[in-house]
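Peer 1:
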Amino acid sequence: MLVRYSHAAGGTFMHELGHTLGLLHGGGDDMTQKPNYLSVMNYPFQPCTVPTSPPGSRTPIPGGCDYSRWDVDLNEASLDECFGLGPALGFGPEDWNKNGLLEGATCPPPYTGNVTEDISFLDGITELDGFDDWGNLVFAFQGLPNFGDDGPIDPVPDEPDPETIADAQRSLGELLAPQIVVAVSGPATALPGETLTYTVETANHGRGPAFAVAVTVARPDGSTTTFGLGDLIVGAATTREVQVTVPEDACPETLAVGATAAFTDVVGAPGSASGAASSEVLDTAVPVLRVTLSPSRLWPSNHQLRTINATVTATDACDPSPQVQLVSVTSSEPDDGRGDGDMPGDISGAEIGTDDRSFRLRAERSGLGPGRVYTVVYETKDASGNIARATSTVIVPRTRTGFAFRSGPRAATTSEWSQRDSNP
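In this note's numbering, the protein residues as written are 3 to 426.
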């Protein structure tokens with residue numbers, strides 16, 4: 003009958019009961035801290051911390067408060083790391099000598115040589131005998147050699163105090179310590195409204211198995227998803243995917259996705275590992291730019307410079323103050339045009355490349371054309387470098403009512419255009 007307890011007291015009771023039923027601290031001997039002796043009789047497992055074998059193991063071990071169910075011997079002078087505690091248990095290989103390699107007769111080439119290592123903390127190389135507790139319980143305990151009419155005449159050695167048990171657990175935990183590594187990967191950049199996929203890989207690069215591994219992934223919006231991965235033996239890795247949707251109105255920012263793995267080691271001590279990845283949200287939306295010029299019509303055409311004021315409105319979803327600059331001011335007619343009264347310097351005071359919103363234009367047009375058009379171009383750039391341009395015009399019409407256009411079966415002659423120019 004298997005008795006389970008959730009605290010050290012239950013393990014101590016079962017430990018002492020085991021002595022009454024003929025068990026020693028090493029099963030058939032008093033050598034404690036043998037990693038191949040999975041029993042509450044062994045100091046590291048006395049607080050009901052016998053590991054549970056993974057599902058599907060050929061020799062399942064319930065774990066917790068339990069006596070040994072598995073009899074396998076280990077020789078510290080010749081340890082097969084790929085054999086571990088025995089393939090049937092499902093705990094996987096063990097890196098006994100801590101060199102980051104798995105070596106042994108059952109390992110793949112070229113590392114097929116067994117290793118030597120003191121794994122029982124006895125400061126010497128010895129053989130570690132396994133023991134099947136359940137198969138060797140002596141229920142007629144009064145017939146044991148150390149039992150007399152008045153009770154035990156040859157009691158077992160003094161039991162360990164809590165500190166000794168804690169030290170034993172710490173030693174075995176370090177010997178078979180898992181090293182869980184969580185790696186999160188995802189796209190480096192993202193766009194508003196895009197759905198991103200992140201991959202979370204959880205691997206064990208340690209010396210022993212990790213039990214009850216659970217990975218919790220935290221998204222940028224605060225939501226989480228937890229994956230139960232079960233047990234991870236040395237060298238094992240598993241991946242899971244999560245998706246993150248970038249808000250439609252997202253502005254440039256860093257989206258961080260983090261993952262934390264929680265697990266226990268061979269003696270039930272908790273452990274954790276974490277990893278993270280980030281994506282930069284890009285702003286590809288151009289600003290909105292509107293330009294209005296006043297006045298937008300220069301009349302009369304008296305060759306005088308007139309002040310033009312620009313009303314410029316630049317808006318952007320992410321940048322509250324996008325930069326504005328005057329790109330160009332051009333005329334549809336040459337500055338040095340010919341004709342009565344033509345004056346140079348038709349564009350004055352326009353500071354190109356600055357946020358200049360006031361300059362002067364000459365109210366002048368050629369008498370040979372339909373009228374003059376000044377074209378003014380402004381540009382805005384947001385903090386992400388997106389650029390938008392807007393164009394507005396100031397006209398100097400041919401006549402008071404507007405532009406004059408050639409029409410009819412023949413074009414106007416030069417003298418006719420000159421005559422129109424002299425009679426605005």
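Even glycine gets a Cβ: it sits at the ideal position worked out from N, Cα and C.
Under 6 Å Cβ to Cβ from threonine 227, same chain only, skipping five residues before and after it: list those, please.
Peer 2: Counting from one through the sequence shown, the residue named residue 227 turns up at place 225. Result list for threonine 227: Val219 and Val244, in chain order.
Peer 1: On the CB-based measure, 16 or more other CB atoms within 10 Å of its CB, does proline 322 come out buried or exposed?
Peer 2: As a working note, residue 322 is residue 320 in the sequence shown. Looking at its Cβ environment, which holds fewer than 16 other Cβ atoms inside 10 Å, proline 322 is exposed.
Peer 1: In the structure shown, what three-state DSSP assignment does isoleucine 235 receive?
Peer 2: Position 233 of the sequence shown, counting from 1, holds the residue named residue 235. DSSP places isoleucine 235 in coil when its eight states are reduced to three.
Peer 1: Assign glutamine 245 to one of three DSSP states: helix, strand, or coil.
Peer 2: In the sequence shown, counting from the first residue as 1, residue 245 sits at position 243. Reduced to three states, the DSSP call for glutamine 245 is strand.
Peer 1: Mind pulling the beta strand (DSSP E) runs of 3 or more residues that sit fully within the stretch 255-339?
Peer 2: Within the stretch 255-339, the complete beta strand (DSSP E) runs of at least 3 residues are 256-266, 272-283, 290-296, 307-317 and 325-333.
Peer 1: Buried or exposed: tryptophan 462, going by 16 or more other Cβ atoms within 10 Å of its Cβ?
Peer 2: Only positions 3 to 426 of the chain appear in the structure, and residue 462 is not among them; the question remains open.
Peer 1: Spatial neighbours of aspartate 344 within its chain, please: C-beta separation below 6 Å, excluding the five flanking residues on both sides.
Peer 2: The residue given as residue 344 occupies position 342 in the sequence shown. Contacts found: none.
Peer 1: Are the CB atoms of glutamine 48 and glycine 92 nearer to each other than 8 Å?
Peer 2: The sequence position of residue 48 within the sequence shown is 46, counting from 1. The sequence position of residue 92 within the sequence shown is 90, counting from 1. No, the pair does not count as a contact, with Cβ atoms beyond the cut-off.
Peer 1: Tell me which residue opens and which closes the beta strand (DSSP E) that valine 373 is part of.
Peer 2: On the sequence shown, position 371 is the one that residue 373 refers to. As written in the sequence, residue 373 is glycine, which differs from the valine given in the question. First-last of the beta strand (DSSP E) with glycine 373: 373-383.
Peer 1: State the Cα-Cα distance for the pair glycine 145 and leucine 139, rounded to the nearest angstrom.
Peer 2: The residue you call residue 145 lines up with position 143 of the sequence shown. The residue you call residue 139 lines up with position 137 of the sequence shown. Going from the Cα of glycine 145 to the Cα of leucine 139 covers about 12 Å.
Peer 1: For leucine 178 and arginine 221, I'd like the C-alpha separation in whole angstroms.
Peer 2: If you number the sequence shown from 1, residue 178 lands on position 176. If you number the sequence shown from 1, residue 221 lands on position 219. Their backbone Cα atoms lie some 33 Å apart in a straight line.
Peer 1: Please determine, among Thr266, Leu231, Val269 and Thr377, the residue with the shortest C-alpha to C-alpha distance to arginine 299.
Peer 2: As a working mapping, residue 299 is identified with position 297 in the sequence shown. The option with the nearest alpha carbon to arginine 299 is Thr377.
Peer 1: Helix, strand or coil: which one does DSSP assign to serine 173?
Peer 2: Position 171 of the sequence shown holds residue 173. Serine 173 falls in the helix class under three-state DSSP.
Peer 1: Quick one: measure Cβ to Cβ for alanine 264 and alanine 216, integer angstroms, because I've assumed they're closer than 8 Å.
Peer 2: Position 262 of the sequence shown holds residue 264. Position 214 of the sequence shown holds residue 216. Their Cβ separation, rounded to whole angstroms, is 5 Å, which keeps alanine 264 and alanine 216 in contact under 8 Å.
Peer 1: Using the three-state DSSP reduction, which class does tyrosine 39 fall into: helix, strand or coil?
Peer 2: Along the sequence shown, one-based indexing puts residue 39 at 37. Here tyrosine 39 sits in coil by DSSP.
Peer 1: If you reduce the DSSP assignment to three classes, tell me which class cysteine 253 lands in.
Peer 2: What you label residue 253 is simply residue 251 of the sequence shown in a count that begins at 1. Cysteine 253 falls in the coil class under three-state DSSP.
Peer 1: Quick check: the stretch 20-28 against the stretch 53-68, are at least 3 beta-carbon pairs closer than 8 Å?
Peer 2: Too few Cβ pairs lie closer than 8 Å, so no.
Peer 1: Tell me the rounded alpha-carbon separation between valine 314 and cysteine 320.
Peer 2: Position 312 of the sequence shown, counted from the start, is the residue given in the question as residue 314. Position 318 of the sequence shown, counted from the start, is the residue given in the question as residue 320. Roughly 18 Å between the two C-alpha positions.
Peer 1: Counting only the same chain and skipping the five closest in sequence on each side, list residues whose C-beta sits under 8 Å from that of serine 386.
Peer 2: What you label residue 386 is simply residue 384 of the sequence shown in a count that begins at 1. Within the same chain, serine 386 has close Cβ partners Pro254, Leu284, Asp285, Thr286, Cys320 and Asp321.
Peer 1: With distances taken Cα to Cα, identify the nearest neighbour of asparagine 304 among Ala258, Asp348 and Gln35.
Peer 2: Your numbering for residue 304 matches position 302 in the sequence shown. Of the candidates Ala258, Asp348 and Gln35, the one whose C-alpha sits nearest the C-alpha of asparagine 304 is Asp348.
Peer 1: Output the distance between the C-alpha atoms of valine 375 and valine 293, rounded to the nearest integer angstrom.
Peer 2: In the sequence shown, residue 375 corresponds to position 373, counting from 1. In the sequence shown, residue 293 corresponds to position 291, counting from 1. Roughly 16 Å separates the two Cα atoms.
Peer 1: Would asparagine 44 be called buried (16 or more neighbouring beta carbons within 10 Å of its own) or exposed?
Peer 2: Looking up residue 44 in the sequence shown gives position 42. Per the 10 Å Cβ criterion, buried.
Peer 1: What does a CB cutoff of less than 7 Å around aspartate 338 pick up in its chain, not counting 5 residues either side in sequence?
Peer 2: In the sequence shown, counting from the first residue as 1, residue 338 sits at position 336. Closer than 7 Å at the Cβ level, and outside the excluded window around aspartate 338, lie Pro346.
Peer 1: Tell me, please, which residues DSSP counts as bridged to serine 394.
Peer 2: Against the sequence shown, residue 394 aligns to sequence position 392. BP columns for serine 394 point to Val378.
Peer 1: Is glutamate 129 helix, strand or coil by DSSP?
Peer 2: Numbered from 1 along the sequence shown, position 127 holds the residue referred to as residue 129. In this structure, glutamate 129 counts as strand in the three-state DSSP scheme.
Peer 1: Between the C-alpha atoms of glutamine 35 and leucine 124, what's the straight-line distance to the nearest angstrom?
Peer 2: For the purposes of this step, residue 35 is taken as the residue at position 33 of the sequence shown. For the purposes of this step, residue 124 is taken as the residue at position 122 of the sequence shown. So the alpha carbons of these two residues sit roughly 9 Å apart.
Peer 1: Between which two residues does the beta strand (DSSP E) carrying leucine 363 extend?
Peer 2: Here the question's residue 363 lines up with position 361 in the sequence shown. 360-364 is the extent of the beta strand (DSSP E) around leucine 363.
Peer 1: Classify glutamate 418: buried if its beta carbon has 16 or more other beta carbons within 10 angstroms, exposed otherwise.
Peer 2: The residue you call residue 418 lines up with position 416 of the sequence shown. Any reading at glutamate 418 needs caution, since the residue's pLDDT is 33, under 50, leaving its predicted position unreliable; the model's value is listed next. Glutamate 418 comes out exposed.
Peer 1: Pull the bridge partners of glycine 66 from the DSSP assignment, please.
Peer 2: Working through the sequence shown from its first residue, we reach residue 66 at position 64. In DSSP, glycine 66 forms a bridge with Val52.
Peer 1: Rank Arg367, Trp136, Glu119 and Glu105 by C-alpha distance to the C-alpha of glutamate 461 and give the top, closest one.
Peer 2: Absent from the structure is residue 461, since the part of the chain shown begins at 3 and ends at 426.
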